[in-house]
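Trainee:
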Amino acid sequence: MPLLWVLRDMLGVRGPKYGCGVDVCKACTSHLDGTDIRPCVVPVSACAGKAVTTIEGLADGDDLHPVQEAWIEQDVAQCGFCQPGQIMAAVALLRRTADPTDEDIDAIANICRCGTYFRIREAIRSAAAKM
Numbered sequence: 001m002p003l004l005w006v007l008r009d010m011l012g013v014r015g016p017k018y019g020c021g022v023d024v025c026k027a028c029t030s031h032l033d034g035t036d037i038r039p040c041v042v043p044v045s046a047c048a049g050k051a052v053t054t055i056e057g058l059a060d061g062d063d064l065h066p067v068q069e070a071w072i073e074q075d076v077a078q079c080g081f082c083q084p085g086q087i088m089a090a091v092a093l094l095r096r097t098a099d100p101t102d103e104d105i106d107a108i109a110n111i112c113r114c115g116t117y118f119r120i121r122e123a124i125r126s127a128a129a130k131m
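In our numbering, the protein residues as written are 1 to 131.
(1) Have a look at C20, W5, G57 and flag the residue whose alpha-carbon is nearest the alpha-carbon of C112.
(2) For D63, which beta-bridge partners are listed by DSSP?
(3) Going by DSSP, what residues sit across from P43 in a beta bridge?
(4) Exposed or buried, S45, counting other C-beta atoms within 10 Å across all chains shown (16 or more means buried)?
(5) Pick from A59, G115, P16, T97: whose alpha carbon is nearest that of V41?
(6) When the Cα of L3 is compared with those of A92, T29, V24, which residue comes out closest?
(7) Tell me the DSSP secondary structure of L32 in three-state form.
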């Protein structure tokens with residue numbers, strides 16, 4: 001059983017979205033021990049003894065994560081469907097590289113039907129400067 005089904009259907013976690021089920025859209029991006037994964041294709045059995053983090057667990061209490069703050073400041077969200085996955089992918093990217101290039105950011109490859117890619121780039125750069 002995919003982790004996404006457990007998160008959404010059994011635990012009621014709504015941040016990771018079901019978009020494709022085949023690791024293409026990346027709307028479900030979450031973290032497994034701090035590494036970005038797509039729960040739509042990760043079997044729940046692969047998560048035993050590991051920490052799963054979704055967008056719901058990203059903020060530190062009442063304080064938003066710097067990437068979440070940058071998303072608001074840069075007005076990235078339009079419909080909002082893909083935003084949790086994009087934010088989680090951006091956080092993972094910034095953990096790997098503190099000063100990502102446009103190519104690094106584009107490699108995240110989250111699909112956004114609203115086309116906010118320029119603002120996504122700006123938000124990631126803004127968050128990188130704060131982290």
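Built from N, CA and C at the ideal position, the CB exists for glycine as well.
Mentor: Reading it off the structure:
(1) Reading the sequence shown from its first residue, position 112 is the one you call residue 112. Ranking the options by Cα distance to C112, first place goes to C20.
(2) Numbered from its first residue, the sequence shown carries residue 63 at position 63. Within the DSSP bridge table, the entry for D63 names D60 as partners.
(3) Looking up residue 43 in the sequence shown gives position 43. Paired residues: P2.
(4) Against the sequence shown, residue 45 aligns to sequence position 45. Its Cβ having fewer than 16 others within 10 Å, S45 is exposed.
(5) In the sequence shown, the residue the question calls residue 41 occupies position 41. With respect to the C-alpha of V41, the residue from A59, G115, P16, T97 having the closest C-alpha is P16.
(6) In the sequence shown, the residue the question calls residue 3 occupies position 3. Among A92, T29, V24, the Cα nearest to that of L3 is on T29.
(7) For the purposes of this step, residue 32 is taken as the residue at position 32 of the sequence shown. Judged by DSSP in its simplified three-state form, L32 adopts strand.
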